[in-house]
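Enquirer: Residue numbers (the working numbering): 1007 to 1409.
Pasting a structure here, questions to come.
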Amino acid sequence: MTFESMGLAPDVLMGVSDMGYTEPSPIQQKAIPLAMTGRDLIASASTGTGKTAAFLLPILHQMAGKEQGVLRVLVLTPTRELAFQIDEQALAFGYHIGVSSVAIVGGMNMNPQEDAIRSGVEIIVATPGRLMDHMKQKYCDMSTVQYLVLDEADRMFDMGFIDDVHHIVSRISKDRQTLLFSATMDDKMHKLAASILDNPATVAVDPSKPAESLIHCAFEVSHRRKAALLVQILAYARVETVIVFVKRKREADSLARQVRRMSGREADSIHSGRSQKERNAALEDFRTGACPILIATDVAARGIDVDNVTHVVHFDVPRSAEDYIHRSGRTGRAGQKGEVITFVAPDEERDLKSIEDTIGQTIRRDKMPRFNPGLDGGGDRDRDDRRGGGRGGGRSGGGRSRR
Ligand code: AMP
């Protein structure tokens, strides 16, 4: 199947071609022809599968040739980064149709967002909280929306947005098309779907398996030695661009500092504690290669859509298999090879085992690389470990070996 054979409007096909897409991904092959007919749809597809075009293209197809200048499409998505990326893709795919789009997210000035809404923007891509803020004002009227997309609906649920989602949906005409995309489809998702969608078609692409283009391995390492191990890996493996996932914001900042100091390479962090401007700058530097090491928390990293990420490191074992798959999906995108490395401390073994069970794959355990005294004072590290005190304070001595 090709994009042409799906019968997409010529102006939409031009956008597809501008984006360099030649062949539809499996979820696009399944979802686009169904959604083009105007039918409601539930799609189980995780990030990295091409789900964004799977919902944007059929909507744009239906908008082609129609009068513009009024709000027609609302995409709700859990994170700011995802909102920006969907907004960008909407503008790119919709360029030849002449649609306008705006990302309505928190952490940004509300005035330009208000201006866009007042001017009759056709597509809003929003995180629920900020959209609610606008909806409290008179100028934000949802009654003209004809196409509603719930993107990463499971994540919106997990992040506590579901009441907001219900409220927003209640303001949209029932005479609409609704597309629900979710990486997982459990009971709560089915309940949500039943309350919001009308006689939906269902499509799925294997949600609980990491992409086949990924190579997985794990290192057994104590929590205390993880930072040093990361620096070793950055030095020895052919790590060109890497996203390192950590659990907490504070950890992201301190690890970025440590990596800069210990490896001499550029590293930055991205998490919800940083301003949107800082997050955008970090992402842009990562995208251009100016800063090839990005330390990220889950929330911020959800929407990172950067090609050629060669490695993902799970600095901590993720909480769930879905998180493992989502995080890992930042590399090996669009069929490219990618390497996924997990640092597993003794108290995290059980979690990793449960991930292995869920994804039906045994993750290879690799031996720790030998420490290079010239790089990180490895001999001292062993003594630190034996002393057992450490608690990270001693690790600031990582600077010792640097000149
Ligand atoms: P998504 O799952 O929408 O986040 O897409 C993952 C990545 O694959 C993005 O970088 C897309 O631009 C890219 N992509 C999606 N569909 C295609 C396609 N049919 N051909 C080439 N790249 C694609």
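Don't be surprised by glycine CBs; every beta carbon is placed ideally from N, CA and C.
#1: Are there 16 or more other CB atoms within 10 angstroms of the CB of Val-1248, so buried, or fewer, so exposed?
#2: By alpha-carbon positions, which one of Leu-1203, Phe-1187 and Leu-1220 ends up nearest to Val-1211?
#3: Which one of Asp-1157, Glu-1073 and Ser-1260 has the shortest CA to CA distance from Met-1191?
#4: Does the Cβ of His-1196 have 16 or more other Cβ atoms within 10 Å, making it buried, or fewer, making it exposed?
#5: For the ligand AMP, I want to know if Asp-1311 counts as a neighbour, meaning its beta carbon is within less than 6 Å of at least one of the ligand's heavy atoms.
#6: Going by DSSP in three states, Asp-1372 sits in which element: helix, strand or coil?
#7: Say yes only if the C-beta of Arg-1339 is nearer than 6 Å to one or more non-hydrogen atoms of the ligand AMP, and no if none qualify.
#8: On the CB-based measure, 16 or more other CB atoms within 10 Å of its CB, does Ser-1402 come out buried or exposed?
#9: Quick check on Pro-1016: buried or exposed, where buried means 16 or more other Cβ atoms within 10 Å of its Cβ?
#10: Would you decide whether Gly-1013 is buried or exposed? Buried here means 16 or more other CB atoms lie within 10 Å of its CB.
#11: What number of angstroms, rounded off, separates the C-alpha of Arg-1387 from the C-alpha of Ala-1060?
#12: Can you find a heavy atom of the ligand AMP that lies under 6 Å from the Cβ of Gly-1100?
#13: Am I right that Ile-1178 and Val-1151 are in contact with their C-beta atoms under 8 Å? What's the rounded C-beta distance?
#14: Mapping DSSP to helix, strand and coil, what is Gly-1344?
#15: Counting only the same chain and skipping the five closest in sequence on each side, list residues whose C-beta sits under 6 Å from that of Phe-975.
#16: Quick check: does the Cβ of Ala-1089 come within less than 6 Å of any heavy atom belonging to the ligand AMP?
#17: Could you check whether the region 1034-1045 touches the region 1089-1106, counting it as contact only if at least three pairs of C-beta atoms, one from each stretch, sit closer than 8 Å?
#18: Would the C-beta of Pro-1216 count as close to the ligand AMP, meaning under 6 Å from any of its heavy atoms?
#19: Tell me the rounded alpha-carbon separation between Phe-1266 and Val-1250.
#20: Buried or exposed: where does Tyr-1153 fall if 16 or more other Cβ atoms within 10 Å of its Cβ makes it buried?
#21: I'd like to confirm something about Ala-1059: is its beta-carbon nearer than 6 Å to some heavy atom of the ligand AMP, or not?
#22: State yes or no: is the C-beta of Pro-1064 nearer than 6 Å to some heavy atom of the ligand AMP?
#23: Given 6 Å as the limit, tell me if Thr-1083 has its C-beta closer than that to any heavy atom belonging to the ligand HEM.
#24: Could you tell me whether the region 1355-1366 touches the region 1240-1247, where touching means 3 or more Cβ pairs closer than 8 Å?
#25: For Tyr-1153, write down the residues that DSSP places opposite it in a beta bridge.
#26: If you draw a straight line from the alpha carbon of Asp-1164 to that of Asp-1329, how long is it in whole angstroms?
#27: For a test of your reading of the model: does the CB of His-1335 fall under 6 Å from any non-hydrogen atom of the ligand AMP? Yes or no.
#28: How long is the line joining the alpha carbons of Gly-1112 and Arg-1271, rounded to whole angstroms?
#29: Per DSSP, Thr-1208 is paired with what?
#30: Let me know the secondary structure DSSP gives Ser-1311 once reduced to three states.
#31: Looking only at its chain, what residues have a beta carbon closer than 6 Å to the beta carbon of Pro-1032, apart from the 5 residues adjacent to it on each side?
#32: Let me know if Ser-1228 comes out buried or exposed under the rule of 16 or more other beta-carbons within 10 Å of its beta-carbon.
#33: Apply the 10 Å Cβ neighbour rule to Ser-1149 and answer buried if 16 or more other Cβ atoms are within range, or exposed otherwise.
#34: With the cut-off set at 7 Å, would you say Gly-1026 and Phe-1099 are in Cβ contact?
#35: Regarding Thr-1184 and the ligand AMP, is the C-beta to nearest heavy atom distance less than 6 Å?
#36: Quick one: what does DSSP say Asp-1388 is sitting in, helix, strand or coil?
Expert: Judging by the given coordinates:
#1: buried
#2: Phe-1187
#3: Asp-1157
#4: exposed
#5: yes
#6: strand
#7: yes
#8: Residue placement at Ser-1402 is poorly supported in this model, since its pLDDT is 31, which falls under 50; the coordinates are not used for a value here.
#9: exposed
#10: exposed
#11: Confidence at Arg-1387 is low in this model, with a pLDDT of 34, below 50, so the placement of that residue should be treated as unreliable; the coordinate-derived value is given next. Going by the C-alpha atoms only, they are around 50 Å apart.
#12: no
#13: 5 Å
#14: strand
#15: Since the displayed the chain opens at 1007 and closes at 1409, residue 975 lies outside it and no answer follows.
#16: no
#17: no
#18: no
#19: The sequence shown places Arg at residue 1266, not Phe. Whole-angstrom Cα-Cα distance: 13 Å.
#20: buried
#21: yes
#22: no
#23: The ligand content of the structure shown is limited to the ligand AMP, which means the ligand HEM is not among them.
#24: no
#25: Val-1079 and Gln-1183
#26: 12 Å
#27: Looking at the sequence provided, one finds Gly at residue 1335 rather than His. No, the beta carbon of Gly-1335 sits no closer than 6 Å to any heavy atom of the ligand AMP.
#28: 32 Å
#29: Ile-1048
#30: According to the sequence provided, residue 1311 is Asp. The question's Ser does not apply to it. Here Asp-1311 sits in coil by DSSP.
#31: Val-1211
#32: exposed
#33: exposed
#34: no
#35: no
#36: Because Asp-1388 sits at a pLDDT of 33, beneath the cut-off of 50, its placement in the model cannot be relied upon, and the following sentence gives the value as read from the coordinates. Helix.
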